[in-house]
Amino acid sequence: MRTLYSKFVITTILIMLFSTIVGFMVSNTYYHQTVKQENDRKNMEIAKGMAEFAVTQDNLDSYLKHTAASGYQLYVINSSGQEKFYGGSFRDKTLASEVKEKVLNSDVYHGMENFPKETFVTGFFANELTNTVGVPFTYQGESYALFMRPNIELLFSEVHFVLGWMIIVMVILSIIAVLIGSRMLVNPIRKLSSATNKVVEEDFDVHLDINRKDEIGQLAGSFNEMIARLGELDKMRKSFISNVSHDIQSPLLNIQGYTRLLESNTLTKEEKDAYIQVIHDETNRMSMLTKQLLVLTTLDQKGNFRNKEMVDVTAQLKEIIQKYRWLLDEKEIAVSYSLDEVIVSGDPDMLYTVWENLLTNAIKYNRPDGSIELTIIERQSEVEIALQDTGIGLAPAEQGQIFERFYRADDARTHTTEGTGLGLSIVKQIIDMHGGRINVRSVLDEGTAFNVILPKM
Amino acid sequence: MTSILIVDDDINILNLVDIYLTRAGYRVFKASDGMEALESIEGIHINLAVVDVMMPEMDGFQLTQQLREDFDIPVILLTAKGEMDDKEKGFRSGSDDYVVKPFEPKELLFRIQAVLRRYDKQSDMVNKVGEVTINRKSYEVQVGNQILLMPLKEFELLSLLISRPNQVFTRNYLIENIWGLDFEGDDRTVDVHIKRIRERLTKLTDVIAIVTVRGVGYRLEVRQP
Chain U
1 MRTLYSKFVI TTILIMLFST IVGFMVSNTY YHQTVKQEND RKNMEIAKGM
51 AEFAVTQDNL DSYLKHTAAS GYQLYVINSS GQEKFYGGSF RDKTLASEVK
101 EKVLNSDVYH GMENFPKETF VTGFFANELT NTVGVPFTYQ GESYALFMRP
151 NIELLFSEVH FVLGWMIIVM VILSIIAVLI GSRMLVNPIR KLSSATNKVV
201 EEDFDVHLDI NRKDEIGQLA GSFNEMIARL GELDKMRKSF ISNVSHDIQS
251 PLLNIQGYTR LLESNTLTKE EKDAYIQVIH DETNRMSMLT KQLLVLTTLD
301 QKGNFRNKEM VDVTAQLKEI IQKYRWLLDE KEIAVSYSLD EVIVSGDPDM
351 LYTVWENLLT NAIKYNRPDG SIELTIIERQ SEVEIALQDT GIGLAPAEQG
401 QIFERFYRAD DARTHTTEGT GLGLSIVKQI IDMHGGRINV RSVLDEGTAF
451 NVILPKM
Chain G
1 MTSILIVDDD INILNLVDIY LTRAGYRVFK ASDGMEALES IEGIHINLAV
51 VDVMMPEMDG FQLTQQLRED FDIPVILLTA KGEMDDKEKG FRSGSDDYVV
101 KPFEPKELLF RIQAVLRRYD KQSDMVNKVG EVTINRKSYE VQVGNQILLM
151 PLKEFELLSL LISRPNQVFT RNYLIENIWG LDFEGDDRTV DVHIKRIRER
201 LTKLTDVIAI VTVRGVGYRL EVRQP
């Protein structure tokens, strides 16, 4: 596996190489463009000085020897063809004879300035006879030509050494620093990756202890948050599934049990009817449960729904009352309402479900000959729909829990097994999605009132 | 015996409704489309028809129109959920009521009874006493802008009492007219229902009151506010 470490190191070395090459090329170009002329001019002056002095010397040879010793490379030739080198030797000693002739004929030679421009050759360091300046002088009646360049090797060898070490130390230190730096970057990433693997195994008990203020710190923070949420959801999902399976399993067991009882031949008609009634109730309950589960999943999927339209709440309420009029009649419950037309913006199907759930609850838990009162209060920016029944009511402890999924008031007290424990949680979820709220007030054995408050827009 | 015609192309719904209606004491005629329906009622007296809207060839609206115009039969339409336009169309084509699918058989039974009762009694549809309006078509009691939906027996009792204010009705008369001759309960039933009506009305109005006439029965009194 190619680790981040090796990638960092290789990248660093490549960057160094690249910048060295670019730096060399830039400075070389700069030398050729600007420094070369300056250098030529400077050296030309020195050479001229040398020539001036040479004229006055008694011993030319020893003078030149001494001058060269102070850090110059010299080449001298006279009109009779005698030539001699002083100081450090040139790597390339060729020089065109026309050049020599020219200087002997009292002209100067700008070899440094005219040194050919090459990309990978530094003109400054080129130890060649062509890379010199040439001046003429006359000594004892004979014309001489003096070619000179500074002895770079002599002057700069220590500098080379120092510079070289500096660069080596710099490179090594850079690589070490990159290694340490990348370790600091890579470690949290390794932690993240191992934490992710744990989560893949459905272990949500993971906490990253990465305390940094940079992007990785932020990433770790949101990772922790995400895992906490996922853990919660996972817990909810598991308890949901166990609840659902229990709620499907128990009616099935009842149905199984009672069908077996029905197989007996010695049943009275009353017994038979009672058993069939149980089976009927249980299938109803299961049918209701699956319907509501369907509603719940669509609600969960919709999340923040967008298909809002204007909903005539009054028309919906009237329609639902008509729909359940047979049930109201059967249980001898009266409904009274005074409904002015009220429009809210929302999802019509979802709101219909809210009213239907609330009304069927009010019927289911009412006493025979009881009543249900529906009122709508329209305010500036919101609408309040109140539904008051004369049912069995809720104990104070129950009131806080009724909106929880699968919460059901005690069967023995409610005298019914029909509920699924999902109806009111659906109601609450829909109202929350609409930005509304629902309140419950209830007195045990007297009745319950639900107030739904929805914003108009 | 009351005869009811059911028209639906779904054989399962047809059979289910048949069973429930037969058990409720109706005589049932079935048809799976409009043409068959019109053929099958030739020469038979039908009291009411239950018609599905979505049917091949002749749809429920067309059939309703023919049943109303040519045979003068009241019609209840069966519509699918969300077909809001259907209601308007339905009432325009002359149907008396509609039930949204899927429905509880008991809901349909309730609607059938309501429509039949409405056709049975040719008395005034709407009866207004003071601020109290009794609507026999929708079975609603309206007081001011407040609407009260009572269980049917209570509604009929109130409706009968209010049709002749101040007249005393004996308990026997009320039982015979509301519950029918073969009712097995006793006078107590009337008393219980009257008590409930009083409770429900006092919350809304004091313009009308049901007064007990000792040893005889009840009468409805109108008090001018």
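Chain order of the listed sequences is U and G. Under UniProt numbering, the first residue of the first sequence is numbered 1, with each subsequent residue one higher. Under UniProt numbering, the first residue of the second sequence is numbered 1, with each subsequent residue one higher. Glycine is no exception: its CB is placed at the ideal position from the N, C-alpha and C atoms. Only a predicted model underlies this, so the values are computations on that prediction, with no experimental measurement involved.
Can a CB atom of chain G be found closer than 8 Å to the CB of residue i?
i, result
"U:K364", "no"
"U:W355", "no"
"U:L351", "no"
"U:S345", "no"
"U:A386", "no"
"U:A334", "yes"
"U:S194", "no"
"U:R441", "no"
"U:R325", "yes"
"U:D312", "no"
"U:L296", "no"
"U:L444", "no"
"U:S245", "no"
"U:D369", "yes"
"U:M1", "At U:M1, the pLDDT of 49 sits below 50, so the modelled position is not reliable; the number obtained from the coordinates is stated separately. Taking Cβ atoms only, chain G never reaches closer than 8 Å to U:M1, which makes this a no."
"U:D281", "no"
"U:D234", "no"
"U:S338", "yes"
"U:V452", "no"
"U:L317", "no"
What whole-angstrom Cβ distance do residue i and residue j have, given they're in contact under 8 Å?
i, j, result
"G:L218", "G:V207", "One detail in the question is off: residue 218 of chain G reads as Tyr in this sequence, not Leu. Actually they are not in contact, since the Cβ atoms of G:Y218 and G:V207 sit about 17 Å apart, beyond 8 Å."
"G:D52", "G:D8", "4 Å"
"residue 490 of chain U", "U:N127", "Nothing about residue 490 of chain U can be reported from this structure: the residues present for chain U run from 1 to 457 only."
"U:Y72", "U:E83", "So it is not a contact: roughly 16 Å between Cβ atoms."
"residue 463 of chain U", "U:V169", "The structure shown does not extend to residue 463 of chain U, since chain U spans only 1 to 457, so no value can be given for it."
"U:D329", "G:P151", "5 Å"
"U:A386", "U:E398", "At roughly 20 Å, the Cβ-Cβ gap does not stay under 8 Å, so U:A386 and U:E398 are not in contact."
"U:V311", "U:V278", "Not confirmed; about 39 Å, so no contact."
Closest by CA to residue i, which one among the options?
i, options, result
"U:T448", "U:T298, U:N366 and U:V171", "U:N366"
"G:N15", "G:R196, G:F29 and G:Q66", "G:F29"
"G:D120", "G:I73, G:I19 and G:V222", "G:I73"
"U:D445", "U:L299, U:P368 and U:I426", "U:P368"
"U:F223", "U:D234, U:S97, U:E232 and U:L208", "U:L208"
"U:K117", "U:L179, U:T29, U:Q140 and U:G393", "U:T29"
"U:A69", "U:L155, U:S19, U:G257 and U:N43", "U:L155"
"G:Y102", "G:L78, G:D182 and G:F61", "The sequence shown places Pro at residue 102 of chain G, not Tyr. Checking every option, the nearest Cα to that of G:P102 belongs to G:L78."
"residue 230 of chain G", "G:P56, G:V75 and G:R23", "Only positions 1 to 225 of chain G appear in this structure, which leaves residue 230 of chain G out of reach."
"G:Y173", "G:D187, G:N166 and G:L220", "G:D187"
"U:I210", "U:G221, U:L252, U:T20 and U:E202", "U:G221"
"U:K191", "U:R379, U:V76, U:L219 and U:A334", "U:L219"
"U:V383", "U:V443, U:H434, U:R408 and U:G370", "U:H434"
"U:I426", "U:K235, U:L299, U:A362 and U:S250", "U:L299"
"U:Y63", "U:L185, U:N284, U:I385 and U:L146", "U:L146"
"G:V100", "G:S163, G:M54, G:I147 and G:T205", "G:M54"
"G:E131", "G:L220, G:Q142 and G:S3", "G:Q142"
"U:E354", "U:E332, U:L454 and U:L289", "Correcting the residue type first, residue 354 of chain U is Val in the shown sequence and not Glu. Nearest option by C-alpha distance: U:L454."
"G:L38", "G:M58, G:D191 and G:R23", "G:M58"
"G:F11", "G:R27, G:R23 and G:D33", "Here residue 11 of chain G is Ile; the residue named in the question, Phe, does not match the sequence. Measuring from the Cα of G:I11, the nearest candidate turns out to be G:D33."
"U:N105", "U:E404, U:R437, U:S336 and U:S143", "U:S143"
"G:R164", "G:R27, G:G94 and G:E221", "G:E221"
"G:I4", "G:L116, G:G94, G:F61 and G:D70", "G:L116"
Hey, is residue i's beta-carbon within less than 8 Å of any beta-carbon in chain C?
i, result
"U:I321", "The chain inventory of the structure shown lacks chain C, comprising the protein chains U and G."
8 Å is my cut-off, CB to CB: does residue i come that close to chain U?
i, result
"G:I147", "yes"
"G:K128", "no"
"G:R150", "As written in the sequence, residue 150 of chain G is Met, which differs from the Arg given in the question. Yes, because at least one Cβ of chain U sits closer than 8 Å to the Cβ of G:M150."
"G:L160", "no"
"G:L204", "yes"
For residue i, which residues does DSSP report across the bridge?
i, result
"U:F406", "None, per the DSSP bridge assignment."
"U:Y337", "U:L374 and G:I147"
"U:G134", "U:Y109 and U:F147"
"U:Q388", "U:E373 and U:A449"
"U:L74", "U:Y86 and U:M148"
* When you check each C-beta in the segment 26-37 of chain G against every C-beta of chain U, which residues fall closer than 8 Å? -> none
* Asked: Given a limit of 9 Å on CB to CB distance, which residues of the segment 98-111 of chain G reach chain U?
  -> V99, V100, F103, E104, K106, E107, L108, L109, F110 and R111
* Of the residues that make up the segment 189-201 of chain G, which ones have a beta carbon closer than 7 Å to any beta carbon in chain U? -> R196 and R200
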